[in-house]
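End of the sequence shown = 87 in my numbering, gap-free, step of one. A virtual CB, placed ideally from N, CA and C, is assigned to each residue, including glycine.
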Amino acid sequence: MMNSGGLDPRGLEKTNFGKQHCPRCAYLLVAPDESHHVSDRVVRHLWTCEACGTGFSTWVKFQPELGELHCAEAA
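Put into structure tokens, the structure is as follows:
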């Protein structure tokens, strides 16, 4: 079954996965300015908020032995 947006909602575990909000003003960001592969299992994203100008980074770490994806804001 398709919704009006043309996306099939089946199989989506978490509807907010991949959405990033500015840590300062909570503005919803669509895509990072840059992404860098730090290693085979780590990607760092660099973001700039379009609303307030705050710059920050996040990283994504994939652990294949656990079959999980871990996301976190960089310190």
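Beta-carbon gap between residue i and residue j smaller than 8 Å
| i | j | result |
| --- | --- | --- |
| histidine 33 | leucine 40 | yes |
| glutamine 75 | arginine 53 | yes |
| glycine 67 | tryptophan 59 | yes |
As assigned by DSSP and simplified to three states, the class of residue i
| i | result |
| --- | --- |
| lysine 26 | Low confidence applies here, because lysine 26 scores a pLDDT of 40, under 50, leaving its location unreliable and the question unanswered by this model. |
| arginine 36 | coil |
| threonine 60 | strand |
| glycine 65 | coil |
| valine 42 | coil |
| lysine 73 | strand |
| glycine 17 | Residue placement at glycine 17 is flagged as unreliable, the pLDDT there being 47, under the threshold of 50; a coordinate-derived value is accordingly withheld. |
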